[in-house]
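A.B. asks: First the structure, then my questions, so here it is.
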Amino acid sequence: MNLVPDEGQRAALEAAREAAHTLLMPNAAELDAGAGFPTETLKALGRAGLMGVNVDPAWGGRGAGAVAYALAVRELAAACAGTTVGMMVTNMVAEAIEAYGDDAQKQRHLPRITGGAYAAAAFSLSEPGSGSDAASLRTVAVRDGDDYVLDGTKAWVTSGGHAGVYLVMAATDPAARARGISAFLIEPGTPGFEAAKPEHKMGQHASATTQLIFDQCRVPASARLGPEGIGFKIAMRALDGGRVGVSAQACGVATGALATATAHLASLDAEAQGPDHAAHLAALADAATALDAAWLMCLRAAWLKDERRPFTREAAMSKLFCTETASRVCEAALRILGPDAYGANAVSQALRDVRVTRIYEGTSEVQRIVIAREVLRAASAAA
Ligand code: CAA
80 MNLVPDEGQR
90 AALEAAREAA
100 HTLLMPNAAE
110 LDAGAGFPTE
120 TLKALGRAGL
130 MGVNVDPAWG
140 GRGAGAVAYA
150 LAVRELAAAC
160 AGTTVGMMVT
170 NMVAEAIEAY
180 GDDAQKQRHL
190 PRITGGAYAA
200 AAFSLSEPGS
210 GSDAASLRTV
220 AVRDGDDYVL
230 DGTKAWVTSG
240 GHAGVYLVMA
250 ATDPAARARG
260 ISAFLIEPGT
270 PGFEAAKPEH
280 KMGQHASATT
290 QLIFDQCRVP
300 ASARLGPEGI
310 GFKIAMRALD
320 GGRVGVSAQA
330 CGVATGALAT
340 ATAHLASLDA
350 EAQGPDHAAH
360 LAALADAATA
370 LDAAWLMCLR
380 AAWLKDERRP
390 FTREAAMSKL
400 FCTETASRVC
410 EAALRILGPD
420 AYGANAVSQA
430 LRDVRVTRIY
440 EGTSEVQRIV
450 IAREVLRAAS
460 AAA
């Protein structure tokens with residue numbers, strides 16, 4: 080594993096850094112205050128080559144890999160976590176379409192995603208009654224001649240109401256649980272399909288999170304992604320990669336918060352601060368060390384993905400460690416900043432924005448289940 084970025088990784092990082100400074104940072108506070116959805120910013124991220132970082136150039140992507148993607152996400156998330164999650168889910172869906180789509184599906188959606196014609200692509204697995212136990216979803220897709228008819232309600236969909244395509248998991252054989260789930264690419268405007276109003280959330284206000292309602296929604300069989308019954312695997316594989324992205328996002332949010340705290344500490348007169356100063360220096364050292372360890376875990380998981388090696392365990396470990404660490408780092412940054420930090424500012428926003436990284440794309444508890452299973456599996460294989 081090489082820690083020095085190669086040319087493609089550096090290009091993705093530089094494109095993200097430029098976009099963070101010119102597109103995300105200037106709007107982050109307003110979006111946090113409820114200014115709406117950053118449609119134009121997300122489309123500009125597409126034009127900057129950041130909506131298919133790990134997608135083949137033949138489809139308009141960068142083909143730069145998962146490490147490049149993690150570098151880009153961390154940079155963007157330090158500027159605006161809410162805009163970044165829209166970018167992350169779009170990349171995740173683009174990779175799933177590239178991996179499982181037929182030529183017509185790729186032709187239709189990938190250039191529109193990677194080129195910024197769509198503001199976003201959305202991923203829809205969770206439901207009001209099934210989050211962590213994803214295989215217990217209730218939305219059904221019933222075959223009817225050359226069509227499927229979808230009925231049910233999905234929940235917590237990033238970019239709901241704004242996406243150009245939705246990757247939706249529904250049961251085609253409910254009795255078979257995980258093996259009876261299929262994936263569908265649904266476009267906005269399809270009769271019987273609508274996004275509900277955005278949820279009121281604690282953080283990441285730049286992202287719209289909605290339910291999706293399917294009421295006798297008829298789609299052609301050609302909307303199915305991959306064969307019948309492999310939707311759960313498509314979702315799990317997508318989430319393995321997505322969890323690397325959330326790791327990088329959490330590291331980015333914490334990096335931004337810690338940079339603000341560091342600048343504050345550097346500006347203080349150490350003697351005038353008395354004993355508090357030593358405590359704050361120690362907090363800074365612990366936070367910087369933990370954040371570095373977290374980032375290395377993220378890079379390892381991304382590197383394994385680039386090497387086409389199994390990375391489910393490492394992605395889950397990375398997500399668990401990065402998101403829990405990032406939350407503690409944001410807390411430390413707030414403490415270091417002192418009383419001034421409790422107002423509406425970038426660090427208090429970071430603290431609200433970082434919380435959901437421990438929830439979406441699998442809670443910390445789900446990551447522990449995945450890690451424990453993988454550790455046990457490896458132990459029994461070695462026995
Ligand atoms: N890659 C490929 N296949 C996988 C896989 C992986 N990582 N994990 C499981 N599978 C396969 C298994 O091999 C198995 O296949 P077979 O039947 O052929 O053997 C099948 O999937 C079922 O696997 P499990 O028995 O392990 O399934 P389970 O029901 O026990 O899964 C769980 C448990 C791991 C906790 C899973 O339900 C899970 O990950 N839950 C969390 C879901 C999640 O992260 N949701 C977030 C949604 S997205 C979001 O947050 C919103 C957003 O837009 C950001």
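For the sequence shown, our numbering assigns the number 80 to the initial residue and increments by one for each residue that follows.
No residue lacks a Cβ here, since even glycine has one placed at the ideal position from N, Cα and C.
On a predicted model such as this, the values are computed, not experimentally measured, just so you know.
1. From E109 to R456, what does the alpha carbon distance come to, in whole angstroms?
2. Whose C-alpha, out of D135, R437 and H343, is nearest the C-alpha of D419?
3. Applying the 10 Å Cβ sphere with the 16-neighbour rule, what's the burial state of Q295?
4. Kindly indicate which three-state DSSP category F400 falls into: helix, strand or coil?
5. Just list the alpha helix (DSSP H) runs in the stretch 219-275, keeping only unbroken ones of 4 residues or longer that don't cross its boundaries, in chain order.
6. Indicate the three-state DSSP secondary structure (helix, strand or coil) for L409 in the structure shown.
7. Check each residue's C-beta against every heavy atom of ligand 1 and list, in chain order, those closer than 6 Å.
8. Between M167 and G321, which are expected to be in contact by the criterion C-beta below 8 Å, what is the C-beta distance as a whole number of angstroms?
9. Report the partner residues of E206 according to the DSSP bridge assignment.
10. Give the DSSP-derived three-state secondary structure of Q290 in the structure shown.
11. Return helix, strand or coil for C159, following the three-state DSSP convention.
12. Could you work out which residue in M104, L150 and P105 is closest to A90 when comparing CA atoms only?
13. Within 10 angstroms of the Cβ of D365, are there 16 or more other Cβ atoms? Answer buried if so, exposed if not.
14. Got a sec, what are the start and stop residues for the alpha helix (DSSP H) R316 sits in?
15. Look up Q295 in the DSSP assignment and say whether it is helix, strand or coil.
16. Look up A149 in the DSSP assignment and say whether it is helix, strand or coil.
17. Since A201 sits in a beta bridge, which residues does DSSP pair it with?
18. Classify L304 as helix, strand or coil using the three-state DSSP reduction.
19. From what residue to what residue does the alpha helix (DSSP H) around A362 run?
20. By Cβ distance below 8 Å, which residues in the same chain neighbour I450 in space, the five residues on each side in sequence not counted?
21. May I ask you to report which of helix, strand or coil DSSP gives R388?
C.D. replies: The relevant details are as follows:
1. 47 Å
2. H343
3. exposed
4. helix
5. none
6. According to the sequence as given, residue 409 is Cys; it is not Leu. C409: helix per DSSP, three-state reduction.
7. V168, F202, L204, S205, S211, D212, A213, A214, W235, V236, T237, A257, R258, F311, K312, M315, R316, L318, D319, T391, Y439, E440, G441, V445, I448 and V449
8. 7 Å
9. S209
10. strand
11. coil
12. L150
13. exposed
14. G310 to S346
15. strand
16. helix
17. Y245
18. strand
19. P354 to D385
20. R392, A395, M396 and L399
21. coil
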